[in-house]
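Mapped onto the numbering used here, the consecutive letters of the sequence shown carry residue numbers 26 to 508. Quick reminder that beta carbons are idealized off the backbone N, C-alpha and C, glycines included. As the structure is a prediction and not an experimental result, all values here were calculated from the model. Scroll down for the structure; my scribbles are underneath it.
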Amino acid sequence: MAAQTPGSAAADIQFQLGDLLASEGRFADAVAPYRKAIAGAGDDRALLKEARTGLTFALLRNGDIAAARVEAQRLVAADPLAAPGQALYGETLWASGLFEEADHAYDTALQNDPGEARAHNGRARSLLARGRLDEALVEAQEALKLAPRNAEYHHVVGVIHERARQYELAGAAFGDYLNLLPDRDRSDKTSWTRAEIRFLDSFRGRTPVDFGVTTATTWTVPVRIEKDKVFVRVKVNGGSATEFVLDTGAEQTIVSRELARRRRIPAVTAMESAGVGDVGLRPLEVARMDEIQVGDLKVRNVPCLIKNPPLGDLPAREVDSFSPLALGLSMRLDYRTRQLVMARALPETQYVTELPLRLYRLATVRGAVNGQPVPFVVDTGGEAISISQSAAGQVAPTGGYRRIPLKVYGSSGWDKDAFLMPNVDLQFETIRFSRIPVVVLNLKAPSTLLGYQLGGIVGHRFLSRYRVSIDLQKSVVGLDSNP
26 MAAQTPGSAA ADIQFQLGDL LASEGRFADA VAPYRKAIAG AGDDRALLKE
76 ARTGLTFALL RNGDIAAARV EAQRLVAADP LAAPGQALYG ETLWASGLFE
126 EADHAYDTAL QNDPGEARAH NGRARSLLAR GRLDEALVEA QEALKLAPRN
176 AEYHHVVGVI HERARQYELA GAAFGDYLNL LPDRDRSDKT SWTRAEIRFL
226 DSFRGRTPVD FGVTTATTWT VPVRIEKDKV FVRVKVNGGS ATEFVLDTGA
276 EQTIVSRELA RRRRIPAVTA MESAGVGDVG LRPLEVARMD EIQVGDLKVR
326 NVPCLIKNPP LGDLPAREVD SFSPLALGLS MRLDYRTRQL VMARALPETQ
376 YVTELPLRLY RLATVRGAVN GQPVPFVVDT GGEAISISQS AAGQVAPTGG
426 YRRIPLKVYG SSGWDKDAFL MPNVDLQFET IRFSRIPVVV LNLKAPSTLL
476 GYQLGGIVGH RFLSRYRVSI DLQKSVVGLD SNP
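Next comes the structure, spelled out in structure tokens:
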């Protein structure tokens, strides 16, 4: 074996330091040693590859997704046939919200090496987002078979089981995830995962999201529209009907503290939540409603969030909200006739415009901001079309532009950095908006919680032009013009 040069020996020491810091969860601290190892690796291709791989992981975990993607691209350019590099590149694409590109990278990795565990795990997450749960579980279990001590893969298995309402299996998978986290890991993810397990355990002996013995498959209810909001009447725990905002931008049914008190909905624990506003990530109580009723639709044992604790001394604007997607139901909202259809499966139809849907905690569709592809949340509870600060930064003109400050109050308080950005081009398949002003929001906290960068939100002012179908079976959002 050839002796190392002083330069490459120093680079190897920096690489080992980076690995040590990363193993302790100190990803921000690991970035500099990895960069020094890359700079000093010289002709040592093996060290260069390992250091760049470590740097990509550290940047990803530290939330510097754009830089992680650059490093992953360099890995692939240096060795296009290396499956680990392709799979890691897929991870950076997924984190960027470029889901189709991530799928291609995962497929390429598996073509080069069917035993690449990270690619199987990535494919599992992608299949889950398209509602193909059985196929997703097969891929996730294959990843675990290949790398049984990777905590992250156990977590993905848990997410799949939770989406399939198999809460006991989900809790077991999350427990395995916790057991494999290093003792040195002091991050909040440990306490939040324990809270998730406690919540899942609270359903023991009950069927989550239980539709009972009904033979009905479709439910139609009227809605009311006022001030860019859609309202639907919901009965909770046998009480009188209350108006809820129809909100596909919410992951679960949300109830106010007052409604939880009146309808005797006890909190089980608190879990991490996020929304627009300076507070960002915040704990909210989670609970189980015994029954909700929307028109003739009755569902028992429904998970919900309680808007508690409040946002300190900030204004209280906690509204009750409901999303059929949280119950696993497809939906069709007709703004003209003011009707909402909820269905286990919508009737087979061809929509005028079909936007591919990814439902990974939130429902997103692909759009383009000044030609740059980004994911948008489909939010019937929102109002304007908005883009994220990260998307605005990607497309900002080099000569600068006029920023018009705005006062925006979101679910996590005031977004003091919100502004109006003029002259933006947006595109959703064949639907185009040229040189329009859009609201720019700080979506960093919800992006962190989701695990991928949000590019923006489409709300009432966009959606109300159409009859909107969120079709979980076809995995599309269908838009039909209102006559």
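Distance, residue j Cα to residue i Cα
{"i": "Leu475", "j": "Gly237", "result": "31 Å"}
{"i": "Met367", "j": "Val184", "result": "24 Å"}
{"i": "Ala36", "j": "Gly79", "result": "13 Å"}
{"i": "Ala103", "j": "Leu113", "result": "14 Å"}
{"i": "Ser33", "j": "Ala57", "result": "16 Å"}
{"i": "Leu205", "j": "Leu365", "result": "45 Å"}
{"i": "Ile331", "j": "Val246", "result": "25 Å"}
{"i": "Gly481", "j": "Thr267", "result": "30 Å"}
{"i": "Pro398", "j": "Asn262", "result": "43 Å"}
{"i": "Tyr385", "j": "Ala421", "result": "28 Å"}
{"i": "Ala76", "j": "Ala142", "result": "20 Å"}
{"i": "Val463", "j": "Ser413", "result": "10 Å"}
{"i": "Glu316", "j": "His179", "result": "31 Å"}
{"i": "Met446", "j": "Ser298", "result": "27 Å"}
{"i": "Ser500", "j": "Ala149", "result": "16 Å"}
{"i": "Gln39", "j": "Tyr426", "result": "42 Å"}
{"i": "Val257", "j": "Arg383", "result": "25 Å"}
{"i": "Gly353", "j": "Leu135", "result": "31 Å"}
{"i": "Trp119", "j": "Leu380", "result": "18 Å"}
{"i": "Tyr202", "j": "Leu431", "result": "42 Å"}
{"i": "Val465", "j": "Ala220", "result": "33 Å"}
{"i": "Trp217", "j": "Asp226", "result": "14 Å"}
Assigned secondary structure, residue i (DSSP; H/G/I helix, E/B strand, else coil)
{"i": "Pro173", "result": "coil"}
{"i": "Glu126", "result": "helix"}
{"i": "Ser413", "result": "strand"}
{"i": "Val377", "result": "coil"}
{"i": "Gln277", "result": "coil"}
{"i": "Ala28", "result": "In this prediction, Ala28 has a pLDDT of 48, which is less than 50 and means its spatial position is unreliable; nothing more can be read from the coordinates."}
{"i": "Phe346", "result": "Note that residue 346 corresponds to Ser in the displayed sequence, not to Phe. The answer is strand: DSSP assigns Ser346 an E or B state."}
{"i": "Glu18", "result": "Because the chain spans 26 through 508 in this model, residue 18 falls outside it and cannot be assessed."}
{"i": "Glu187", "result": "helix"}
{"i": "Phe40", "result": "helix"}
{"i": "Leu382", "result": "strand"}
{"i": "Ser494", "result": "strand"}
{"i": "Asp159", "result": "helix"}
{"i": "Ala241", "result": "coil"}
{"i": "Pro58", "result": "helix"}
{"i": "Phe52", "result": "helix"}
With 16 other Cβ atoms within 10 Å as the buried cut-off, status of residue i
{"i": "Met26", "result": "Confidence is the limiting factor: at Met26 the pLDDT is only 40, short of 50, which leaves the residue's position unreliable and the question unanswerable from this model."}
{"i": "Ile222", "result": "buried"}
{"i": "Lys252", "result": "exposed"}
{"i": "Gly140", "result": "exposed"}
{"i": "Ser48", "result": "exposed"}
{"i": "Asn448", "result": "exposed"}
{"i": "Gly396", "result": "exposed"}
{"i": "Ala195", "result": "buried"}
{"i": "Glu43", "result": "Inspection of the sequence shows that residue 43 is occupied by Gly rather than by Glu. Buried, since its Cβ has 16 or more Cβ neighbours within 10 Å."}
{"i": "Asp74", "result": "Asp is not the amino acid found at residue 74; the sequence shown has Lys there. Per the 10 Å Cβ criterion, buried."}
{"i": "Arg229", "result": "exposed"}
{"i": "Leu100", "result": "buried"}
{"i": "Pro105", "result": "exposed"}
{"i": "Leu45", "result": "exposed"}
{"i": "Lys254", "result": "buried"}
{"i": "Thr389", "result": "buried"}
{"i": "Asp69", "result": "buried"}
{"i": "Asp159", "result": "exposed"}
{"i": "Glu373", "result": "exposed"}
{"i": "Gln498", "result": "exposed"}
{"i": "Gln41", "result": "exposed"}
{"i": "Tyr491", "result": "buried"}
Span of the alpha helix (DSSP H), counted from its first residue to its last, around residue i
{"i": "Tyr114", "result": "Ala108 to Ala120"}
{"i": "Lys469", "result": "Lys469 to Leu475"}
{"i": "Asp505", "result": "Looking at the DSSP string, Asp505 is not in any alpha helix (DSSP H); the run it does join, the beta strand (DSSP E), is Val501 to Ser506."}
{"i": "Ala142", "result": "Ala142 to Ala154"}
{"i": "Tyr202", "result": "Tyr192 to Leu205"}
{"i": "Ala102", "result": "Ile90 to Ala103"}
{"i": "Ser227", "result": "First-last for Ser227: undefined, no H or E at that position."}
{"i": "Arg486", "result": "His485 to Leu488"}
Limits of the beta strand (DSSP E) - the one that residue i falls within
{"i": "Asp68", "result": "Neither: Asp68 is in no beta strand (DSSP E) and is coded neither H nor E."}
{"i": "Ile290", "result": "Careful: Ile290 lies outside any beta strand (DSSP E) and carries neither H nor E."}
{"i": "Gln364", "result": "Gln364 to Ala368"}
{"i": "Pro400", "result": "Gln397 to Val403"}
{"i": "Ala388", "result": "Leu387 to Val394"}
beta-carbon residue i near the ligand GDP non-hydrogen atom, thresh 7 Å
{"i": "Val324", "result": "This structure does not include the ligand GDP; it has no bound ligands of any sort."}
Closer than 8 Å to chain B by CB, residue i
{"i": "Leu171", "result": "Of the protein chains in the structure, only one exists, and it is not chain B."}
**OP:** Output the residue ranges of the alpha helix (DSSP H) runs that lie fully inside the stretch 426-482 and measure 4 residues or longer, sorted by chain position.
**Re:** DSSP runs (the alpha helix (DSSP H)) wholly in the stretch 426-482: 469-475.
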